[in-house]
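In the working numbering, the protein residues as written are 282 to 340.
By construction, the Cβ of each residue, glycine as well, lies at the ideal position given by its N, Cα and C atoms.
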């Protein structure tokens, strides 16, 4: 299955609790941290919820 790399590029400070939980669920705890996930509908939904805080690179 295809994978995507998700990089946090904006801070979670001042964001809603739901957005902070979503970043943590994706495995992002620090700025400029990169995590790799399989492309599943649940992961894509989480990325869409915080698309203004992250960059996505498809492999």
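TODO: Take residue 297 as the anchor and find which of 322, 313, 331 has the nearest alpha-carbon.
DONE: 331
Task: CB contact flag (residue 290, residue 337, <8 angstroms) - done: no
TODO: Use the C-beta contact count for residue 282: other C-beta atoms within 10 angstroms, 16 or more gives buried, fewer gives exposed.
DONE: exposed
TODO: Measure from the alpha carbon of residue 306 to the alpha carbon of each residue in 313, 333, 326, 294, then state which is nearest.
DONE: Ranking the options by Cα distance to residue 306, first place goes to 326.
Task: Those residues which DSSP pairs with residue 318 across a bridge - done: 285
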